[in-house]
Amino acid sequence: MEPTKKSPKILVFSTDKISDPGIDQAGLRKLHYSPSVYVISMPCSSGIKPRWIMHAFEQGFDGVFIAADGHECSYSATCPDRTNTIINEAQRLMEEKKISPKRIRMAALCSVCAEPFVGHMNNFSKILADIGPDAG
Amino acid sequence: MGNQEKKKRIGVYICHCGGNISDYVDVEQLRDMMDKEENVAISKNVMFACADSNQKEMVKDIRENNLDGIVVASCSPKLHLHTFRNVAQRAGLNPYNYVQVNVREQCSWAHSDHPDQASVKAAGLIRAGIQRVSYSEALEPVKIKAIKSVVIVGAGVAGMRSAIELARMGNEVFLMEKESRAGGHVAGWNSLYPTGTSGEELTRKMLEQIRRIPSIKLFTSSHVTNVTGSLGNFTVEVNVGSHGEEVLKLPAGAILVTTGFSPNIPDEGQFSYGLSESVITLPEFKKRIETASGKLNIGGKEIHSIAFIYCVGMRQSGGPNKYCSRTCCTSTMHASLELHKKFDDMKSIHLYRDIRTYGKQEVLYDQASKQGDLFLMYKEKEPPVVTVEGKKVKIEVTDHLTSKRKLEVKPDLLVLVTGMEARDDSKQMAQLLKIPVGNDRFFNEIHPKLRPVETVINGVMLGGSCQGPKNITESIQSSMSAAAKINALLCKDSLEMEPIVARITEEACTWCGKCAEVCDYDAIFQMETNGKVVAGVNGATCTGCGICTPVCPVDAIEVAQYTNLEIESMIDGFMAPVKLEEKLAEAGTESSAGEGLMKEYPGIWKEILKQIEAEPLTIPQIAQQLQQESQQITYHVMTMNKYHILEAAGMDDDHAYFLYTPKL
Chain D
1 MEPTKKSPKI
11 LVFSTDKISD
21 PGIDQAGLRK
31 LHYSPSVYVI
41 SMPCSSGIKP
51 RWIMHAFEQG
61 FDGVFIAADG
71 HECSYSATCP
81 DRTNTIINEA
91 QRLMEEKKIS
101 PKRIRMAALC
111 SVCAEPFVGH
121 MNNFSKILAD
131 IGPDAG
Chain Z
137 MGNQEKKKRI
147 GVYICHCGGN
157 ISDYVDVEQL
167 RDMMDKEENV
177 AISKNVMFAC
187 ADSNQKEMVK
197 DIRENNLDGI
207 VVASCSPKLH
217 LHTFRNVAQR
227 AGLNPYNYVQ
237 VNVREQCSWA
247 HSDHPDQASV
257 KAAGLIRAGI
267 QRVSYSEALE
277 PVKIKAIKSV
287 VIVGAGVAGM
297 RSAIELARMG
307 NEVFLMEKES
317 RAGGHVAGWN
327 SLYPTGTSGE
337 ELTRKMLEQI
347 RRIPSIKLFT
357 SSHVTNVTGS
367 LGNFTVEVNV
377 GSHGEEVLKL
387 PAGAILVTTG
397 FSPNIPDEGQ
407 FSYGLSESVI
417 TLPEFKKRIE
427 TASGKLNIGG
437 KEIHSIAFIY
447 CVGMRQSGGP
457 NKYCSRTCCT
467 STMHASLELH
477 KKFDDMKSIH
487 LYRDIRTYGK
497 QEVLYDQASK
507 QGDLFLMYKE
517 KEPPVVTVEG
527 KKVKIEVTDH
537 LTSKRKLEVK
547 PDLLVLVTGM
557 EARDDSKQMA
567 QLLKIPVGND
577 RFFNEIHPKL
587 RPVETVINGV
597 MLGGSCQGPK
607 NITESIQSSM
617 SAAAKINALL
627 CKDSLEMEPI
637 VARITEEACT
647 WCGKCAEVCD
657 YDAIFQMETN
667 GKVVAGVNGA
677 TCTGCGICTP
687 VCPVDAIEVA
697 QYTNLEIESM
707 IDGFMAPVKL
717 EEKLAEAGTE
727 SSAGEGLMKE
737 YPGIWKEILK
747 QIEAEPLTIP
757 QIAQQLQQES
767 QQITYHVMTM
777 NKYHILEAAG
787 MDDDHAYFLY
797 TPKL
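Line order of the protein sequences matches chains D and Z. Take 1 as the starting number for the first sequence in our numbering and just add one per residue. Take 137 as the starting number for the second sequence in our numbering and just add one per residue.
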């Protein structure tokens, strides 16, 4: 993707053991994505607090992407459901602030998912650019 | 919680990574920018942060400047997190007051197409690192005294082999087997590829070895009923005897799970299984070959032609077993070869989806092809249709290798090639040990490539086919790897565990129990403190996953290093405004990487330059004068040469070595 001054800023929550190595691999292979993507690595996506997601929006991030482990999560088989609950709660809080629910996305990414990660980032950047500024 | 004092004297090190970062990111401007950040005491550029010489400089800096936090902006923390934690420790700084910022894999390399924007991003990343370290806490590893004994659950080949190794390494081993005899599935198998040894012989020899080692106690007909404790000090309760006559409480520093697999059994009617004696599974067929002599009679008739249908119950795009069982193609080829060796006038027809006789096992496929076996390829969407009439079998199949011709096969016997499934009782074992189970119902390791035998439960390891389909070699490889991992843990006098675990703010906690409800590891319990009922955390069993944190309605639980302050301040750091001046030199040119950095060179480089100032010297001469190893000097001289800090100035008299002289 061709970054511009208006490239949407995306905060990615990755997971230390599974999705973060995949994101590293994208860099290692020099697969380019928007430089407006910033990553915070967590032990598990089920440990992300909705207040952090809200804080990111308050600070000016245009979108939040959760690079989850999905069913590969080494901590809990219930991880996808729990992460989903966190996203639902975040979307409820976003609605209160009139932030479009489309500004948060989740996908399962593994340690070799370099290309899918880049694909997700390019796609999400386009979606966020299309949304434009929120009414709120 | 949430009120830690901000660090006042932070050291920031921004690595060139020999150009991997500095070719795309303006590390000099970033150094100057970070120098002006609040609470930053020193900000430096370094050519290679991980180099020995720089590590020594960092130790010196931390001590001399009394730094209370350090940030290294370099490669992925997966590579050097522990390197710099150790640097901090050597300098007397708590290793958890160190933050590594990934400006290589997640910045300079990923955005090498836009160096200006990579520099802006790197500024945000480093500021986030400074913010994070500002609120970092000094943490102490949880220290545990380990018992040098191991409980191994499952005495198949994987369990037996690892028991022998663990005992040889000086551990006491309790080897548990649910069945009345050890050896698992392999004990019942005949000739094994490639040695030809029988499974019975292989397992018997292992068992003889086990009996000769007094530190291994084998318990057959034993069932694990309860597990308590944590790494270094588990208690495994076991019922021994077919009626649970004896109850044992075994102490264990670690637990190795080698419970193996269950063979897949087709549903009744699936490819006519169970409707005729002429339709059997591959394990049943192998048993028949082994026991028959002279002629092969099955179901009261003499067998001369056999059809194999592959991938039965496996690789189901719409069913539960989506995985490939990996071992069955090879096993079928082997069975077909054994069949032809033992009986005359045999014909094998293989109805397959794909042949996966990987590695050396491909030889078997070749041999089966050469002996005249027929191969017909079917697709999952168009499976063979089997009809039976008494002992007669008819198979209609569309062969995708011959322009989708519809063929009819009437073999004497149909063998369904079934694979491996997770054991029916694996759920029970998963609950006892809190091991995560995957969608395929096999046990989940932390990471299939990076940490393939460890589970998220410290001290509980996996070996063999309880993790997924494996052949004997692979099963033993993984169980031996687990044995080595376990021994590495237990051989120390005391174990140190990561202190990155959950903790409670007792003032805020009102004990609603939600955190305990979601914890898969029973690490959270109810307790009373100062007359108040609150949640408590068992640091030894907590995995630090953080699943408990978003469910707390009063935000009274958090995981160390992932506090609100740390995460939210990182977000602030990403978004802080960045103003960078345009670089004069062309980004990415080699010349720009080495210029104007003299005052930032590592100490060792300055020493090398001092030595070669007066007269050109060879690497061995420099090494001798500096009393350093030649290898070390070679490394530095080569890097300095790459960045035009020095250059070759001819050869020495013997024409054996280059002479080097300063270039700048």
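Positions of the beta carbon are idealized from the N, C-alpha and C atoms, including for glycine.
State the DSSP-derived secondary structure class of D/Ile-99, mapped to helix, strand or coil.
coil
For the structure I just gave you, are there three or more beta carbon pairs, one from the segment 355-364 of chain Z and one from the segment 302-319 of chain Z, closer than 8 angstroms?
yes
Between the beta-carbon of Z/Gly-324 and the beta-carbon of Z/Gly-335, is there less than 9 angstroms?
yes
Could you have a look at Z/Ile-660 and say whether DSSP puts it in helix, strand or coil?
strand
Apart from the five residues on each side of it in sequence, which residues of its chain come closer than 6 angstroms, Cβ to Cβ, to Z/Asp-790?
none
N- and C-terminal bounds of the alpha helix (DSSP H) containing D/Val-118:
114-131
Identify every residue that forms a DSSP beta bridge with D/Ser-111.
None, per the DSSP bridge assignment.
Counting only the same chain and skipping the five closest in sequence on each side, list residues whose C-beta sits under 7 angstroms from that of Z/Glu-193.
Pro-738, Gly-739
Put Z/Glu-731 into one of helix, strand or coil per three-state DSSP.
Caution is warranted here: a pLDDT of 37 is assigned to Z/Glu-731, below 50, making its placement in the model unreliable, and the coordinate value is therefore given only provisionally. Reduced to three states, the DSSP call for Z/Glu-731 is coil.
Proximal chain Z residues relative to D/Met-42, where beta-carbon distance stays under 8 angstroms
Gly-682, Tyr-698
Run down chain Z in chain order and give the residues with a C-beta less than 8 angstroms from the C-beta of D/Ala-129.
Chain Z residues near D/Ala-129: none, gap ~16 angstroms exceeds 8 angstroms.
Smallest Cα separation from D/Asn-123: which of D/Lys-17, D/His-32, D/Pro-80, D/Met-94?
D/His-32
Going by the beta-carbon positions, is the gap between D/Ser-125 and D/Ile-10 smaller than 9 angstroms?
yes
Determine, using beta carbons only, whether D/Asn-12 and D/Phe-65 come nearer to each other than 9 angstroms.
The sequence shown places Val at residue 12 of chain D, rather than the Asn named in the question. Yes, these two residues count as a Cβ contact at 9 angstroms.
Between the alpha carbons of Z/Met-787 and Z/Phe-794, how many angstroms are there, rounded?
4 angstroms
Please report how far the alpha carbon of Z/Arg-347 lies from the alpha carbon of Z/Ile-622, in whole angstroms.
22 angstroms
Just grab the DSSP bridge partners of Z/Pro-798 for me.
Z/Leu-782
What residue range is occupied by the uninterrupted alpha helix (DSSP H) comprising Z/Glu-173?
Unbroken run through Z/Glu-173: none, as it is neither H nor E.
For Z/Pro-399, name the three-state secondary structure that DSSP assigns.
strand
Based on DSSP bridge pairs, tell me the residues matched to D/Tyr-38.
D/Leu-11
Same chain, Cβ closer than 7 angstroms to Z/Thr-395, neighbours up to 5 away in sequence not counted:
Val-289, Gly-290, Arg-559, Ser-562, Met-565, Cys-602
Exposed or buried, what is Z/Lys-257 when buried is set at 16 or more other beta-carbons lying within 10 Å of its beta-carbon?
buried
Can you confirm whether Z/Arg-221, when its beta carbon is compared against all beta carbons of chain D, has any partner nearer than 9 angstroms?
no
Between which two residues does the alpha helix (DSSP H) holding D/Asp-20 run?
19-28
Please list the terminal residues of the continuous beta strand (DSSP E) segment that includes Z/Tyr-698.
Neither: Z/Tyr-698 is in no beta strand (DSSP E) and is coded neither H nor E.
Given Z/Met-469, which residues of its chain have a CB within under 7 angstroms of its CB, disregarding the five upstream and five downstream residues?
Thr-493, Leu-500, Tyr-501, Ala-504
According to DSSP, what are the bridge partners of Z/Ala-792?
Paired residue(s): none; Z/Ala-792 is not in a bridge.
Name the chain D residues whose beta carbon is nearer than 8 angstroms to that of Z/His-152?
Near Z/His-152 there are no residues of chain D at all, since even the closest Cβ is about 17 angstroms away, more than 8 angstroms.
So, is the C-beta of Z/Gln-165 closer than 9 angstroms to a C-beta in chain D?
no
Below 9 angstroms between beta carbons: does that hold for Z/Ala-187 and Z/His-780?
no
Kindly indicate which three-state DSSP category Z/Asp-249 falls into: helix, strand or coil?
coil
I need the straight-line Cα distance from Z/Arg-167 to Z/Gln-253, nearest angstrom please.
16 angstroms
By the 9 angstroms beta-carbon criterion, what residues does the segment 71-97 of chain D contribute toward chain Z?
His-71, Glu-72, Cys-73, Ser-74, Tyr-75, Ser-76, Ala-77, Thr-78, Cys-79, Arg-82, Thr-85, Ile-86, Glu-89
For chain Z, find out if any of its Cβ atoms is closer than 9 angstroms to the Cβ of D/Ala-56; answer yes or no.
yes
May I have the straight-line CA-CA distance separating Z/Val-592 from Z/Ser-298, to the nearest angstrom?
21 angstroms
To the nearest angstrom, how far is it from the Cα of Z/Cys-627 to the Cα of Z/Ala-390?
12 angstroms
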